[in-house]
Structure formats: structure tokens, C-alpha cells
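Colleague: Dropping the structure in here first, questions after.
Printed below as a string of C-alpha cells:
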């Protein structure tokens, strides 16, 4: 049984063009993400799903040069791009992550993957409701259901965002790894604005050596000690995400995250 983490990645961004190739402590944001995902227990392959076209060649080249798999597919039909990448990887199980998450945590991802099996569900995630920092989001599901979604999902939103068809299907069983909450879900660890890039660079500098593989708990503790870091991108918190995902709570399994300063 092959498990592949498939990471959607492209250079285009209306708010911060080229964001995933921006450097954080000497390494691109893309490689921060991929290198951390390579440490997820139970994962056999890390594949970067990149749009076709020369504009995104630098992304594909960076991932390939670092030793990761690369699949090229549709820019706008991201669901089809994922399905193509899963087939090429001969994956039985797929974990989905976006490349704008430099602090993605391999332990949390591993727990979501394990939950898929232990809860015997069709779909597992960690953000329904959101109780982890924004930027630790991941979901896992059988590749067969990804192919079913590719065939059955027709709404443009479902094609662009990959998992809405799975999340909304009433006959599929679902479970969520529940984070600590208590306000930690308001931390913004995703790269979409210039302020986010400033935040990541400041955190890496403040943490020092080993920041590239610091755990979510260690990074949360840093944020707790240093509210000045949190303030850097606090003005761009996605309030809509907190409202929308909170409306759809699933069967949950708790996970402790010891982030005391």
C-alpha cells in the first residue's frame, strides 16, 4: 500500500507572486514544506503537483532538484491535477497539503493519516472545526475516492479546491483530529501576504538553528513568548475560514499539543 503526500504548488499569486520560492532562513518556502512532509510517518512519496506551462517550470525544477516527485497538470482544475499525480505515484492513499505552509507539522500530519485507518473512515482532516494554527491543515483519503470525486464533482469550486466534494458527501464517513484550540487556531502560519513572509522570516530568526524542523508545539511556544511576532501578520487573519469551517464539525479525535512557553 503506497501513501503519497501530494502538494499543490504554483508561482501565481495575486497577493504575493512567486511566494513559495521566497527564501526563509536560506531555503525556499516550498522546500520548508516538502522537507517537513518527508518526515511524516507512513508516507512513502512526496509529490509536488505543479501546473503545466513554462511559468511554473521553476517550481517543478526546484522540487525535482531536491529529490521530490513532480507531476504536471491543469492549472485551474486542481482536482484533476491531484488525480493525475496520484495515478502517476500509484498511490493507494493520498494526503493533501498546500505549498504555502512552511510550518506544516509532520507529527500532526502523521496523526491525521493514522486517524484515517484507526477510525475506519473515508476521509480524515484536522480543520473541521479549526483548532490548530492556520497553516497546519491537511486531509487524507483513499485514492479511489479522489478518482470518484474527479468523476462526480462538477462545480468549479469543487474542482479548484479538491476536497469539497469529499467533505460534503453525506454517504462518506469522516473524522477530524481535534487540536487544542483556545485561541491557538488564530495563529496565522500560511504564506499569502507580504506580512506572512515577514512573519516566517522573523520566526526563523528568533528560533535560531533548527527552525526548519521545529515542531508545531515549539513554534507555538515561541509565538506565546513573543507576541510581537504574532502581531506581524495579525491583520490578515482569515476570519471567514474560522466561521465557515466551524459550521461543519465532524467526529473528532483529540490531540494534545504542549506549547507552554
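In the numbering used here, the protein residues as written are 3 to 263. We put the CB at the ideal spot given by N, CA and C, even for glycine. It should be emphasised that the depicted structure is a prediction, and the values quoted were computed from it without experimental measurement.
(1) Whole angstroms are fine: how far does the CA of residue 144 sit from the CA of residue 44?
(2) If you drop the 5 nearest sequence neighbours on each side, which residues of the same chain put their C-beta closer than 7 Å to that of residue 196?
(3) I need the straight-line Cα distance from residue 105 to residue 120, nearest angstrom please.
(4) Nearest to residue 131 by CA position, among 50, 54, 9 and 183, is which residue?
(5) May I ask you to list the residues that DSSP assigns as paired with residue 26?
(6) At what residues does the beta strand (DSSP E) containing residue 47 begin and finish?
(7) In angstroms with no decimal places, state the Cα-to-Cα distance between residue 8 and residue 73.
(8) Identify whether residue 203 lies in helix, strand or coil by the three-state DSSP scheme.
(9) Going by CA-CA distance only, name the one from 49, 5 and 79 that's closest to residue 155.
(10) Which of the three DSSP states, helix, strand or coil, is assigned to residue 84?
(11) Are the segment 222-229 and the segment 47-61 touching, with three or more C-beta to C-beta distances below 8 Å?
(12) Given a threshold of 16 other Cβ atoms within 10 Å of its Cβ, counted over all protein chains shown, does residue 108 qualify as buried or as exposed?
(13) Going by the beta-carbon positions, is the gap between residue 30 and residue 22 smaller than 8 Å?
(14) What three-state label does DSSP hand residue 141 in the structure shown?
(15) Using the C-alpha atoms, what's the distance from residue 65 back to residue 46?
(16) Run through the segment 66-140 for me and flag every whole alpha helix (DSSP H) of 4 or more residues, listed as ranges in chain order.
(17) Keeping to the same chain, check which residues put their C-beta closer than 8 Å to that of residue 60; ignore five residues upstream and five downstream.
(18) Around the C-beta of residue 97, are 16 or more other C-beta atoms found within 10 angstroms, so that it is buried, or is it exposed?
(19) Let me make sure I understand the geometry here. Which of 56, 68 and 6 has the alpha-carbon closest to that of residue 33?
Modeller: Reading off the structure:
(1) Along the chain shown, one-based indexing puts residue 44 at 42. Along the chain shown, one-based indexing puts residue 144 at 142. Taking the straight line from one Cα to the other gives about 14 Å.
(2) Along the chain shown, one-based indexing puts residue 196 at 194. Around residue 196: 18.
(3) Walking along the chain shown from the start, residue 105 turns up at place 103. Walking along the chain shown from the start, residue 120 turns up at place 118. Rounded to whole angstroms, the gap between the alpha carbons of residue 105 and residue 120 is 26 Å.
(4) One-based indexing of the chain shown puts residue 131 at position 129. Nearest of 50, 54, 9 and 183 to residue 131, Cα basis: 183.
(5) One-based indexing of the chain shown puts residue 26 at position 24. Note: residue 26 sits in a beta bridge opposite 29.
(6) Numbered from its first residue, the chain shown carries residue 47 at position 45. In the DSSP assignment, residue 47 falls within the beta strand (DSSP E) that extends over 47-53.
(7) For this step, residue 8 is matched to residue 6 along the chain shown. For this step, residue 73 is matched to residue 71 along the chain shown. In a straight line, the C-alpha of residue 8 is about 9 Å away from that of residue 73.
(8) Here residue 203 is taken as the residue at index 201 of the chain shown, counted from 1. It is helical.
(9) As a position in the chain shown, residue 155 is number 153, starting the count at 1. Cα-wise, what sits closest to residue 155 is 79.
(10) Working through the chain shown from its first residue, we reach residue 84 at position 82. Residue 84 falls in the helix class under three-state DSSP.
(11) Because the criterion of three Cβ pairs below 8 Å is not met, the segment 222-229 and the segment 47-61 do not touch.
(12) Taking the chain shown and counting its residues from 1, the one referred to as residue 108 is at position 106. It is buried - the Cβ of residue 108 has at least 16 other Cβ atoms within 10 Å.
(13) Position 28 of the chain shown, counting from 1, holds the residue named residue 30. Position 20 of the chain shown, counting from 1, holds the residue named residue 22. Yes, the pair counts as a contact, with Cβ atoms nearer than the cut-off.
(14) Numbered from its first residue, the chain shown carries residue 141 at position 139. Strand at residue 141.
(15) By one-based count along the chain shown, residue 46 stands at place 44. By one-based count along the chain shown, residue 65 stands at place 63. So the alpha carbons of these two residues sit roughly 16 Å apart.
(16) Here the runs fully enclosed are 80-91 and 108-120.
(17) Locating residue 60 in the chain shown gives position 58, counting from the first residue. Closer than 8 Å at Cβ, skipping near neighbours: 13 and 23.
(18) Locating residue 97 in the chain shown gives position 95, counting from the first residue. So residue 97 ends up on the buried side.
(19) Translated into the one-based positions of the chain shown, residue 33 becomes position 31. Per the Cα distances, 68.
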